[in-house]
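Residue numbers (my numbering): 1026 to 1481. Even glycine gets a Cβ: it sits at the ideal position worked out from N, Cα and C. From a predicted model like this one, the values you see are computed outputs, not experimental measurements. Scroll down for the structure; my scribbles are underneath it.
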């Protein structure tokens, strides 16, 4: 029998799947470390396995303070020191057991929808939007969705370098079900594109709107992909970096260096930046989607500054090949880190949910000259549990008297101030997105609408 005639191009993939099923990830959780819980994961190797593991830890809201990654040949081993959001070890046995089971399941599963961060969209219509950022954009988009009787169930919106991207899950306002009518979906797409384009076309072409009934990629990863495809890592014409006038300690732009280690045929990516949650996910996500393989890495984020070092190659085994590629890699990694960044005063709202609550609250913010730079909104058991990050309309710090007035209007016990704001000068010309979030949530149905651009 001719063996070559029996061979199928899919046989290699099936063989690799068989190997992974025969060697499921081994997860060991060590409690001996004084200041952190140590999680070790090792298993058969595959492209993207590191991102899947980091994604699970991130979706549990764990803070990764240290990490060591080693991946060579057909095996990988990752070691993570993690804490909860308050810097404490994870002591709940049920939580640790759930984390362990999730790491095993998610790392060996072949389903692209396995992530904790990706809710099932079987009951939703998914809308993906990319376009040029401008003041009032989200208010206009939400107004269109409201007029079209679309209730926003969940979603995330990111803005960076004059660009905007959103992944939104909507349902029909009257039936609370996905929108199935092709003509109506086409109309939604057309009107949203019209709003995104505005009065002038984007510097990189027309806006894009995609409407579908499923989402097969983790929401945050999809947003990274959308902004990368929209080339948000390229500076807009006439862009002025507001950090240029700041001291070295005040600058927010991460330091990224790429050098080739010729003896081992690795390219070494070194990153220094202000630490924040989900930082490791953002950098690993970008390297993975740029088709680089991380063979080894060291992560240290125990202080206010995070240091990351990656030893990478292309999928074909070659290092970074040219200075142009090196510069592009630096720009893309910097953009991946900056997409979640914003400055602002944290306000938490907790009250009984009612129709129009979010519209009323954000209208009060807008009338008092505040710009919402980030918002996390959700409803649970009839309660609205919302978090807002706000700044003055011109990007300046918020006056305490303004906050007092707003709290008196909304309710002292309903709206609470958390943390403090850092007074940093902002160049208005270089910050066109500072006005963007005024008047957000025109729709009365925004639930769990996370605007993730924060160091906090």
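Let me know if residue 1246 comes out buried or exposed under the rule of 16 or more other beta-carbons within 10 Å of its beta-carbon.
-> Taking the chain shown and counting its residues from 1, one reaches residue 1246 at position 221. Here residue 1246 is buried, its C-beta having at least 16 other C-beta atoms within 10 Å.
Could you tell me the boundaries of the alpha helix (DSSP H) in which residue 1167 lies?
-> As a working note, residue 1167 is residue 142 in the chain shown. Per DSSP, residue 1167 belongs to the alpha helix (DSSP H) from 1162 to 1172.
Got a sec, what are the start and stop residues for the beta strand (DSSP E) residue 1202 sits in?
-> Residue mapping note: residue 1202 aligns to position 177 of the chain shown, counting from 1. No beta strand (DSSP E) contains residue 1202, which DSSP labels as neither H nor E.
Could you name the residues that DSSP lists as bridge partners for residue 1441?
-> By one-based count along the chain shown, residue 1441 stands at place 416. Beta-bridge pairing links residue 1441 to 1373.
Let me know the secondary structure DSSP gives residue 1135 once reduced to three states.
-> Mapped onto the chain shown, residue 1135 falls at position 110. Below a pLDDT of 50, predicted positions are generally treated as unreliable, and residue 1135, at 44, falls in that range; the measurement from the model is reported next regardless. In this structure, residue 1135 counts as coil in the three-state DSSP scheme.
Through-space distance from residue 1352 to residue 1412, alpha-carbon basis | The residue given as residue 1412 occupies position 387 in the chain shown. The residue given as residue 1352 occupies position 327 in the chain shown. Cα to Cα, residue 1412 sits roughly 37 Å from residue 1352.
Selected residue, minimal CA-CA separation from residue 1244, among 1107, 1183, 1260 | On the chain shown, position 219 is the one that residue 1244 refers to. Comparing Cα-Cα distances from residue 1244 to each of 1107, 1183, 1260, the minimum goes to 1183.
Considering only residues of the same chain and omitting the five flanking positions on each side of residue 1149, which have a CB-CB separation below 7 Å?
-> Position 124 of the chain shown, counting from 1, holds the residue named residue 1149. For residue 1149, where only same-chain residues beyond five positions count, the Cβ hits under 7 Å are 1178, 1194, 1195, 1196, 1203.
Decide yes or no for the touch test of the region 1312 to 1319 against the region 1104 to 1119: beta carbon pairs closer than 8 Å, at least 3 of them.
-> Between the region 1312 to 1319 and the region 1104 to 1119, the count of Cβ pairs shorter than 8 Å is below three; the stretches do not touch.
Since residue 1121 and residue 1054 are thought to touch, with beta carbons under 8 Å apart, how far apart are those beta carbons, to the nearest angstrom?
-> Reading the chain shown from its first residue, position 96 is the one you call residue 1121. Reading the chain shown from its first residue, position 29 is the one you call residue 1054. Right, their Cβ atoms sit about 5 Å apart.
By how many angstroms is the C-alpha of residue 1285 removed from the C-alpha of residue 1154?
-> To locate residue 1154, count along the chain shown from 1; it is residue 129. To locate residue 1285, count along the chain shown from 1; it is residue 260. Spanning the alpha carbons of residue 1154 and residue 1285 requires a straight line of approximately 37 Å.
Alpha helix (DSSP H) segment containing residue 978, residue limits | Any question about residue 978 goes unanswered here, given that the chain covers just 1026 to 1481.
Mind checking which residues open and close the beta strand (DSSP E) that includes residue 1333?
-> For the purposes of this step, residue 1333 is taken as residue 308 along the chain shown, with counting starting at 1. It spans 1330 to 1339 - the beta strand (DSSP E) in which residue 1333 sits, taken as one unbroken run.
Determine the DSSP secondary structure at residue 1086, reduced to helix, strand or coil.
-> Indexing the chain shown from 1 puts residue 1086 at position 61. In the structure shown, the three-state DSSP call for residue 1086 is coil.
With which residues is residue 1094 paired in a DSSP beta bridge?
-> For the purposes of this step, residue 1094 is taken as residue 69 along the chain shown, with counting starting at 1. Beta-bridge pairing links residue 1094 to 1103, 1322.
Mind checking residue 1186: buried by the 16 CB within 10 Å criterion, or exposed?
-> Translated into the one-based positions of the chain shown, residue 1186 becomes position 161. Per the 10 Å Cβ criterion, buried.
Below 7 Å CB to CB, which residues in the same chain sit around residue 1235 once its five sequence neighbours on both sides are set aside?
-> In the chain shown, the residue the question calls residue 1235 occupies position 210. Excluding residues within five positions, the ones whose Cβ falls inside 7 Å are 1153.
Could you tell me which residues DSSP puts in a beta bridge with residue 1190?
-> Sequence index remark: in the chain shown, residue 1190 carries index 165 (1-based). Under DSSP, residue 1190 forms a beta bridge with 1155, 1183.
Residue 1298 versus 1292, 1289, 1278, residue with shortest Cα-Cα distance = Along the chain shown, one-based indexing puts residue 1298 at 273. Nearest of 1292, 1289, 1278 to residue 1298, Cα basis: 1278.
Within this structure, are the beta carbons of residue 1373 and residue 1090 separated by less than 9 Å?
-> Residue mapping note: residue 1373 aligns to position 348 of the chain shown, counting from 1. Residue mapping note: residue 1090 aligns to position 65 of the chain shown, counting from 1. It is not a contact, given that the beta carbons lie outside the stated cut-off.
Test: residue 1108 CB closer than 9 Å to a CB of chain B = Of the protein chains in the structure, only one exists, and it is not chain B.
With 16 as the cutoff for other CB atoms within 10 Å, does residue 1357 come out buried or exposed?
-> Position 332 of the chain shown, counted from the start, is the residue given in the question as residue 1357. By the neighbour-count rule (16 or more Cβ atoms within 10 Å), residue 1357 is buried.
With 16 other CB atoms within 10 Å as the buried threshold, where does residue 1219 fall?
-> Here residue 1219 is taken as the residue at index 194 of the chain shown, counted from 1. Classification for residue 1219: exposed.
What is the DSSP secondary structure of residue 1145, counted as helix, strand or coil?
-> Here residue 1145 is taken as the residue at index 120 of the chain shown, counted from 1. Confidence at residue 1145 is low in this model, with a pLDDT of 42, below 50, so the placement of that residue is unreliable and no value is reported for it.
Under 9 Å, do residue 1174 and residue 1212 count as touching if we go by C-beta distance?
-> Taking the chain shown and counting its residues from 1, one reaches residue 1174 at position 149. Taking the chain shown and counting its residues from 1, one reaches residue 1212 at position 187. No, these two residues do not count as a Cβ contact at 9 Å.
Put residue 1055 into one of helix, strand or coil per three-state DSSP.
-> Along the chain shown, read from residue 1 onward, the residue named residue 1055 stands at position 30. Strand at residue 1055.
Measure from the alpha carbon of residue 1341 to the alpha carbon of each residue in 1315, 1354, 1282, then state which is nearest.
-> Translated into positions along the chain shown, residue 1341 becomes position 316. That would be 1315, whose Cα lies nearest to the Cα of residue 1341.
Could you give the DSSP three-state label for residue 1345: helix, strand or coil?
-> Counted from its first residue, the chain shown places residue 1345 at position 320. Three-state result, residue 1345: coil.
Backbone secondary structure at residue 1118 - three-state DSSP | As a first step, residue 1118 is located in the chain shown; it is residue number 93 there, counting from the start. Here residue 1118 sits in helix by DSSP.
Close-in-space but distant-in-sequence residues of the same chain around residue 1072 (CB under 8 Å, 5 per side omitted) = As a position in the chain shown, residue 1072 is number 47, starting the count at 1. Closer than 8 Å at Cβ, skipping near neighbours: 1313, 1318, 1340.
Could you please give the first and the last residue of the uninterrupted beta strand (DSSP E) stretch that includes residue 1299?
-> Here residue 1299 refers to the residue found at position 274 when the chain shown is read from its first residue. In this chain, the beta strand (DSSP E) harbouring residue 1299 covers 1291 to 1299.
Rounded C-alpha distance that separates residue 1330 from residue 1304 = Counting from one through the chain shown, the residue named residue 1330 turns up at place 305. Counting from one through the chain shown, the residue named residue 1304 turns up at place 279. The alpha-carbon atoms of residue 1330 and residue 1304 are separated by roughly 11 Å.
Report the option in 1098, 1088, 1056, 1425 whose CA atom is closest to the CA atom of residue 1067.
-> What you label residue 1067 is simply residue 42 of the chain shown in a count that begins at 1. In terms of Cα proximity to residue 1067, the closest of 1098, 1088, 1056, 1425 is 1098.
Nearest CA to the CA of residue 1076: which residue from 1238, 1059, 1096?
-> Within the chain shown, numbered from 1, the residue matching residue 1076 stands at position 51. For residue 1076, the nearest C-alpha among the options comes from 1096.
Beta-carbon gap between residue 1415 and residue 1079 smaller than 9 Å | Residue mapping note: residue 1415 aligns to position 390 of the chain shown, counting from 1. Residue mapping note: residue 1079 aligns to position 54 of the chain shown, counting from 1. Taking 9 Å as the cut-off, the Cβ atoms of residue 1415 and residue 1079 do not count as close.
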